[in-house]
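Chains as they are written, first to last, in our numbering: chain A, 1 to 344; chain B, 345 to 461.
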């Protein structure tokens, strides 16, 4: 049956093979639903520095940084991945959030020199993930790019794939080391075909979602949004604690100083199927919300949950509302362990 | 028959005390004439931050108010967030300097330099 998102037709057991490609090989996910903005103007970085959580007083050409757009109550408007490229900023938003981010920036633009163009419809995006990703890029003719050769994340540069100039961006948008490949929309099919011919396994949206959940990578509308602050969603790696004022800073500083974060994102091992959105119960008391669920190949039913800080930690076992006999066991999300400050 | 008083349009005002401090500052900086630009910009803990600046003249599209010998110039977008505001001055050892009494501000941060509406 064709996946309505990717158009891919899978044979039986295809999900397991796709997932294994993302984990052990090189998986290629269609991610054009991510919002892509081009932000220009002499004041662009300064305005984003004033409105978001991470340190953006400088962002050298060819480098990228994750930051969180928060309101005055430190609730999350969106998580933004920003890259400095060609004298402009390339900004990735959550799927479906480009317009909301543009509106937010427009509201807070007064005399600043800044222009925001939504390039989502004009461009295509693929994510190449897995330990074989660099080999696939080399087989596709990408050699010598610092994005591939340097050991650090968040490097970005133009490379050529299938004769087309594309943006290659090493980042963790799926919660693990990988590469974003952004092409003009007209070049998307050729770039996708070239990467597949070079050894990448096209994966479905279902496999990508299983990968995200297994990695503990929070997503808009599930693990973060305007009902959450970024500390609850384990996005502390995208928060600077010494940059000074930005919108929401006072609340975040208070939550950190007085250890007042009420809920925390946790990874969940489920003993059986359950629906996202239901409560987790400890002795019948509501203790958290299951936010995402997937049947992860090789791991079984897994999920993410926002769990009340006082109700449980690693190893705690909860009942699952609406799923009799199913239990949920808590563990630390891999993405949070990889990105949160070590002194936390 | 009594006639209801016509509501006065919201404007921006400056107290006599604040105006004196603005005039003193302009003199100390060598401005023989000029305007006090009052504006808002995005940022600060609560989302919007006040900005004060001395400029030689107002922009064509500015809202201009003269009071106590000081000319205030406000750009149109900032004016949306500042209409009805009185700019005052809190002096003395424990004073805060220039203070914005802004009826649009629903919340302010601890240091009082930013607000949300």
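Glycine included, every Cβ here is placed at the ideal spot set by N, Cα and C. Note that the coordinates shown come from a computational prediction; the quantities given were computed from them, not determined experimentally.
Would you please state the rounded distance, in angstroms, between the beta carbons of residue i and residue j? I believe it to be under 8 Å.
{"i": "residue 228/A", "j": "residue 79/A", "result": "Contact flag wrong, Cβ pair sits at about 11 Å."}
{"i": "residue 292/A", "j": "residue 276/A", "result": "5 Å"}
{"i": "residue 199/A", "j": "residue 132/A", "result": "7 Å"}
{"i": "residue 88/A", "j": "residue 38/A", "result": "6 Å"}
{"i": "residue 118/A", "j": "residue 98/A", "result": "5 Å"}
{"i": "residue 319/A", "j": "residue 281/A", "result": "4 Å"}
{"i": "residue 174/A", "j": "residue 127/A", "result": "6 Å"}
{"i": "residue 347/A", "j": "residue 182/A", "result": "Missing from the structure shown is residue 347/A; chain A here goes from 1 to 344 and no further."}
{"i": "residue 31/A", "j": "residue 125/A", "result": "5 Å"}
{"i": "residue 382/B", "j": "residue 418/B", "result": "5 Å"}
By Cβ distance, which residues of its chain are closer than 8 Å to residue i, with the 5 residues on each side in sequence left out?
{"i": "residue 162/A", "result": "140, 187, 190, 191, 193 and 194"}
{"i": "residue 102/A", "result": "37, 116 and 118"}
{"i": "residue 410/B", "result": "416"}
{"i": "residue 109/A", "result": "47"}
{"i": "residue 262/A", "result": "232, 308 and 309"}
What residues in its chain sit with their C-beta under 6 Å from that of residue i, if we drop five residues either side in the sequence?
{"i": "residue 5/A", "result": "For residue 5/A, the predicted structure reports a pLDDT of 44, less than 50, and the residue's modelled location is therefore unreliable. A value from the coordinates is still provided. The residues are 205."}
{"i": "residue 273/A", "result": "301"}
{"i": "residue 112/A", "result": "43 and 47"}
{"i": "residue 340/A", "result": "236 and 237"}
{"i": "residue 90/A", "result": "83"}
{"i": "residue 233/A", "result": "218, 223, 224 and 265"}
{"i": "residue 17/A", "result": "none"}
{"i": "residue 323/A", "result": "274"}
{"i": "residue 387/B", "result": "393"}
{"i": "residue 447/B", "result": "428"}
{"i": "residue 40/A", "result": "88 and 115"}
Excluding five sequence neighbours on each side, which residues of the same chain lie with their C-beta closer than 7 Å to the C-beta of residue i?
{"i": "residue 389/B", "result": "453 and 458"}
{"i": "residue 157/A", "result": "62, 145, 146, 147 and 168"}
{"i": "residue 373/B", "result": "398"}
{"i": "residue 378/B", "result": "370, 398, 399 and 400"}
{"i": "residue 313/A", "result": "330"}
{"i": "residue 450/B", "result": "460 and 461"}
{"i": "residue 11/A", "result": "In this prediction, residue 11/A scores a pLDDT of 47, lower than 50, which makes its location untrustworthy; no coordinate-derived value is stated."}
{"i": "residue 316/A", "result": "330"}
{"i": "residue 136/A", "result": "26, 128, 195, 198, 199 and 200"}
{"i": "residue 215/A", "result": "174, 175, 176, 334 and 335"}
Would you mind telling me which residues of chain B sit closer than 9 Å to residue i, beta carbon to beta carbon, in chain order?
{"i": "residue 51/A", "result": "386, 387 and 391"}
{"i": "residue 111/A", "result": "383, 385, 395, 419, 421 and 422"}
{"i": "residue 247/A", "result": "386, 387, 388, 389, 390, 391, 392, 458 and 460"}
For a contact defined as C-beta to C-beta under 7 Å, what are the partners of residue i on chain B?
{"i": "residue 55/A", "result": "Per Cβ cutoff of 7 Å: no residues; residue 55/A is ~14 Å from chain B at best."}
Does residue i come within less than 8 Å of chain A when only Cβ atoms are used?
{"i": "residue 378/B", "result": "no"}
{"i": "residue 451/B", "result": "yes"}
{"i": "residue 454/B", "result": "yes"}
{"i": "residue 426/B", "result": "no"}
{"i": "residue 364/B", "result": "no"}
Do we get a CB-CB distance below 8 Å when we pair residue i with the residues of chain B?
{"i": "residue 72/A", "result": "yes"}
{"i": "residue 357/A", "result": "No answer is possible for residue 357/A: the residues shown for chain A start at 1 and end at 344."}
{"i": "residue 47/A", "result": "yes"}
{"i": "residue 332/A", "result": "no"}
{"i": "residue 108/A", "result": "yes"}
Kindly list, in the order they appear in chain A, the residues whose Cβ is closer than 7 Å to that of residue i.
{"i": "residue 441/B", "result": "The premise fails here: residue 441/B is roughly 17 Å from chain A at the closest Cβ pair, so nothing lies under 7 Å."}
Find the residues of chain C that neighbour residue i, judging by a C-beta separation of less than 7 Å, and give them in chain order.
{"i": "residue 250/A", "result": "As a matter of chain content, chain C is missing from the structure shown, whose protein chains are A and B."}
**OP:** Pick out the complete beta strand (DSSP E) segments inside the region 221-286 of chain A, 3 residues or longer, and give them in chain order.
**Re:** 263-270 and 279-282
Subject >> Secondary structure, beta strand (DSSP E): runs of 3+ residues fully inside the region 94-129 of chain A >> reply: 115-118 and 123-129
Subject >> Contiguous alpha helix (DSSP H) assignments of at least 4 residues, all confined to the region 382-436 of chain B >> reply: 420-426
**OP:** Any chance you could list the alpha helix (DSSP H) runs of at least 4 consecutive residues sitting entirely within the region 188-220 of chain A, in chain order?
**Re:** 188-197 and 205-215
Original post:
Enumerated in chain order, which unbroken segments of the beta strand (DSSP E) with a length of 3 residues or greater are wholly contained in the region 8-94 of chain A?
Top reply: 27-30, 35-40, 64-70, 76-85 and 88-93
Subject >> Unbroken stretches of the beta strand (DSSP E), 3 residues or longer, contained in the region 290-338 of chain A >> reply: 300-308, 317-320 and 327-331
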